[in-house]
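Okay, so the sequence shown: first residue is 1 according to this note's numbering, each after it adds one. Ideal placement from N, C-alpha and C gives every residue a C-beta, glycine not left out. Keep in mind that this is a model prediction, so the values were computed, not measured. Encoded as C-alpha cells, the structure appears first; notes follow it.
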Amino acid sequence: MRSTGPLVGVVMGSDSDWPVMQAAVEALEEFGVSAEADVISAHRMPEDMIRYGQAAAGRGLKVIIAGAGGAAHLPGMLAAVTTLPVIGVPVPLKHLDGLDSLLSIVQMPAGIPVATVAVGGARNAGLLAVRILATADPELSAQMAEFQAGLRSAAQAKGEALRAKVRVSGAGHGLKPPSDPGPEL
Ligand code: RP5
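As C-alpha cells, this is what we get:
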C-alpha cells in the first residue's frame, strides 16, 4: 500500500511547534509513509480546524497527529469531528514544562479518544501512526518488525559495552578492581 496522497496529517497549533513536531514527519518518512504538515490552530482559526477534521477521512487520510502546547485543544477538537484515530503530542512551552499541554490533551471525556504520547514525544506519534497503518499493510508491518529488531540489537550492544566496561574497571557496582584487594587487616 503506497497511495499517492498523504495518509497521515501532521498538524500543530503554531509553527513554533514545528521543532518538536518534525520528528513525527521524520519517523513517517523513514517508513516511506506519505504525510502532510500544516498549522491548524484550534483557537485562532477554529472554523478552519473544524473543516480540516471533517474533510480529513474523505481526503484519504488514515491517521491524524496533532500537536499543541499550553491550552492544547487541537487534538481533542479534531477527534470530536473525525472518525479517524487522532494521536496527540503535548508540546512543552516555556512555562510548566509541558504538563499543561499533557493534561489538556490526555484528559479527554469518554467517547472521544485521543492517543496521547509523552511530552515532546512526536517521534513516537509517528511510529504509532505507522503501526496503525501497518495493521492493513503487511509490508509496513514487516518494516516495523525490522525496526524493532534494530532497537533490540542496539540495546543489546549497549549492554555488551557496559558489561565490558565494568569488567575492565570494576566500576558501576561499587566494586573494587580485582587487582586491588584492599588493605590487609
Ligand atoms: C498553542 O500555542 C500552539 O500549539 C503553540 O504551542 C502555542 C504558542 O503558539 P505561538 O504563540 O508560538 O504561535 O496554541
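Using the C-alpha atoms, what's the distance from residue j back to residue i?
i: Val-33; j: Glu-160; result: 34 Å
i: Met-207; j: Asp-97; result: Nothing about residue 207 can be reported from this structure: the residues present for the chain run from 1 to 185 only.
i: Val-117; j: Met-77; result: 17 Å
i: Leu-7; j: Leu-140; result: 13 Å
i: Lys-94; j: Trp-18; result: 15 Å
i: Gly-53; j: Ile-112; result: 14 Å
i: Pro-138; j: Ala-145; result: 10 Å
i: Gly-70; j: Arg-167; result: 47 Å
i: Ile-87; j: Ala-149; result: 24 Å
i: Gly-121; j: Ala-79; result: 19 Å
i: Ala-35; j: Glu-26; result: 10 Å
i: Ile-132; j: Gly-67; result: 18 Å
i: Gly-58; j: Asp-100; result: 32 Å
i: Met-108; j: Leu-102; result: 11 Å
In three-state DSSP terms, what is residue i?
i: Ile-132; result: helix
i: Pro-75; result: helix
i: Ala-56; result: helix
i: Ala-142; result: helix
i: Ala-155; result: helix
i: Asp-137; result: coil
i: Gln-148; result: helix
i: Ala-110; result: coil
i: Arg-167; result: helix
i: Gly-120; result: coil
Based on the DSSP output, what are the partners of residue i in its beta bridges?
i: Ile-64; result: Gly-9, Val-86
i: Gly-69; result: Val-91
i: Ala-115; result: Ile-87
How about residue i: is its Cβ closer than 7 Å to a heavy atom in the ligand GDP?
i: Leu-74; result: Ligands in the displayed structure: the ligand RP5; the ligand GDP is not one of them.
Review point. At what residue ranges does the stretch 4-54 contain a whole run of the beta strand (DSSP E), taking only runs of 3 or more?
Key: For the stretch 4-54, the full-length beta strand (DSSP E) segments reaching 3 residues or more read 8-12, 35-39 along the chain.
Practice item. Decide yes or no for the touch test of the stretch 7-26 against the stretch 38-50: beta carbon pairs closer than 8 Å, at least 3 of them. Key: With a cut-off of 8 Å, the stretch 38-50 and the stretch 7-26 count as touching, because enough Cβ pairs lie within range.
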